[in-house]
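See structure below.
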């Protein structure tokens, strides 16, 4: 279990590097070494937050679709992407905190913590699913916008530059979607680990205290409680009647 936990923590810390291969752009875009160093240092120095606060901090993507529906140009798409990027970074921090609390939750055997981790896992899955929907919509919008530009403004340099920016923005959202998916998988793995451990975390029963037992008093003889005295056997009345009849003279 400890090896699996180390793998999950490694996935959470290094999840920013996932999805570096481009899906829409013509050239690869990878985060800089300085950015990765800052993310790693932030994960290591961030104080541990309790589960109650993590439930509130975990993003679920409830407003993401509404934000993308309101975009009118490439600049709007880039602005919403920045908002989503901040949400993904927040989800990564929440996942790191859950991983750091994992051992203490298992040792405490407190089943009240599991529902909280389950809520965090549900919100992470919802956030990942939302970004997957947005990713598909951006792909379709990019193809439609490119057709419009080629039909109406084929010689416009500005239009071509906007298309290139749109390609980069769509690629950025795709990378964020991959990150959110990996984060959701990591949190789900931690939640399953906690649930599996808690199901086998049964308390050891203790023998009854202050129960009625045979205790040797000062005299050295064991006391017999009323419930332990032997009962006297009584013969049925019919048997006694038969014996009395046999003894009577004819």
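Residue numbers (the UniProt record's numbering): 1 to 250. All C-beta atoms, glycine included, are put in the ideal place defined by N, C-alpha and C. Remember, predicted model here, so these are calculated numbers, not experimental data.
Residue i in three-state terms, based on DSSP
i: residue 1; result: Reliability of the predicted coordinates at residue 1 is poor, the pLDDT of 49 falling under 50, and no value is obtained from them.
i: residue 204; result: coil
i: residue 42; result: Bear in mind that a pLDDT of 46 at residue 42, under 50, signals an unreliable position, so the number given afterwards is only what the model happens to contain. Helix, per DSSP.
i: residue 162; result: helix
i: residue 113; result: coil
i: residue 90; result: helix
i: residue 50; result: coil
i: residue 180; result: helix
i: residue 73; result: coil
Span separating the alpha-carbon of residue i from that of residue j
i: residue 126; j: residue 143; result: 26 Å
i: residue 138; j: residue 170; result: 6 Å
i: residue 153; j: residue 166; result: 16 Å
i: residue 177; j: residue 208; result: 57 Å
i: residue 149; j: residue 124; result: 37 Å
i: residue 174; j: residue 193; result: 29 Å
i: residue 92; j: residue 197; result: 24 Å
i: residue 122; j: residue 80; result: 23 Å
i: residue 179; j: residue 205; result: 46 Å
i: residue 78; j: residue 112; result: 41 Å
i: residue 120; j: residue 187; result: 8 Å
i: residue 161; j: residue 151; result: 16 Å
i: residue 147; j: residue 141; result: 10 Å
i: residue 172; j: residue 133; result: 14 Å
i: residue 34; j: residue 183; result: Because the pLDDT of residue 34 is 44, which lies under 50, any placement of that residue in the model is unreliable, and the number read from its coordinates should be weighed accordingly. Rounded to the nearest angstrom, the two C-alpha atoms are 21 Å apart.
i: residue 59; j: residue 128; result: 10 Å
Presumed contact (8 Å Cβ cut-off) between residue i and residue j, rounded CB distance
i: residue 110; j: residue 49; result: Residue 110 to residue 49, Cβ: 17 Å. No contact.
i: residue 131; j: residue 61; result: 7 Å
i: residue 64; j: residue 84; result: 6 Å
i: residue 90; j: residue 57; result: 6 Å
i: residue 163; j: residue 145; result: 7 Å
i: residue 55; j: residue 107; result: No, residue 55 and residue 107 are not in contact; Cβ-Cβ is about 21 Å, not under 8 Å.
Distance cut-off 7 Å: residue i Cβ against heavy atoms of the ligand ADP
i: residue 51; result: Questions concerning the ligand ADP fall outside what the structure shown contains, since it holds no ligand whatsoever.
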